[in-house]
Amino acid sequence: MNQKTRRKLRGLTTVEALLIAAGFIIVGVIGALTFQQIGKSAAEALRANAIVTADRGGFDVTVEVLNGRLQGIALQWGQSGSQQMNTVTQGSCVKGGQSVQTAQPSQLTLVAGQSATCRFSATLSPGTQYVYVVVAYDASGKAVQIAKGVITVGIS
């Protein structure tokens, strides 16, 4: 090979190497931005805990938001063994923090680290088992099941 051909090949391989490196950089940046959005979505997802107690007058639901934003809660309940579930969205809530306020559970707004206790009125029979499902609504209005279980109303 003569000198001219050798230089031309070197120049082409350098340009090709730069183009390949630029391609890797572009793909890396796009990948990083994509994973950043995925992480952001996961960080905004609603996660909450709920504890349910019951007496003759209804259910008390204490909800604590671990992550995300809660825009409301509802309670579905029914007698154990029954196929019918009642949905209750009306009640009163006491929100923790510096001020205590009462709100409808369907309008309750909590963010990560906040908690509230809501009272759902219902006529329950002592000694009877009830099943319940607590549904929370996130900032986009999506329903998220945060608790379910069986509870027995005590005899008192």
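Just so you know, the sequence shown maps onto residues 246 to 401 in the numbering used here.
Glycine included, every Cβ here is placed at the ideal spot set by N, Cα and C.
A quick note: this is a predicted structure, and the numbers were derived from the prediction, not measured.
Cα-Cα separation, residue i to residue j
i       : j       : result
Ala-299 : Gly-394 : 12 Å
Gly-372 : Phe-365 : 19 Å
Trp-322 : Gly-399 : 17 Å
Val-376 : Gln-324 : 6 Å
Ala-290 : Asp-383 : 8 Å
Gln-352 : Val-274 : 41 Å
Gln-359 : Ala-367 : 26 Å
Val-272 : Thr-397 : 57 Å
Val-260 : Thr-279 : 29 Å
Gly-303 : Gln-329 : 17 Å
Gln-390 : Ala-381 : 6 Å
Leu-263 : Ile-270 : 10 Å
Val-297 : Gln-374 : 13 Å
Pro-350 : Ala-266 : 55 Å
Buried/exposed call for residue i, threshold 16 Cβ in 10 Å
i       : result
Val-308 : buried
Leu-320 : buried
Ala-404 : Lying outside 246 to 401, the shown extent of the chain, residue 404 is not represented and no answer is given.
Val-379 : buried
Ala-277 : exposed
Ile-318 : buried
Contact check, residue i vs residue j, beta carbons under 8 Å
i       : j       : result
Ala-295 : Val-306 : yes
Gly-326 : Cys-363 : no
Gln-316 : Gly-268 : no
Arg-301 : Leu-369 : yes
Close beta carbons around residue i, own chain, < 7 Å, minus the five adjacent residues each side
i       : result
Ala-357 : Val-310, Leu-311, Asn-312, Gly-313
Gly-341 : Gln-359, Ser-360, Ala-361
Neighbourhood of residue i by C-beta, 6 Å cutoff - its chain only, sequence neighbours within 5 removed
i       : result
Ala-348 : Cys-338
Val-333 : Leu-320, Phe-365
Ala-392 : Ala-295, Val-379
Contacting residues, own chain, Cβ-Cβ under 8 Å from residue i (five flanking each side not counted)
i       : result
Asn-331 : Gln-321, Trp-322, Gly-323, Ala-367
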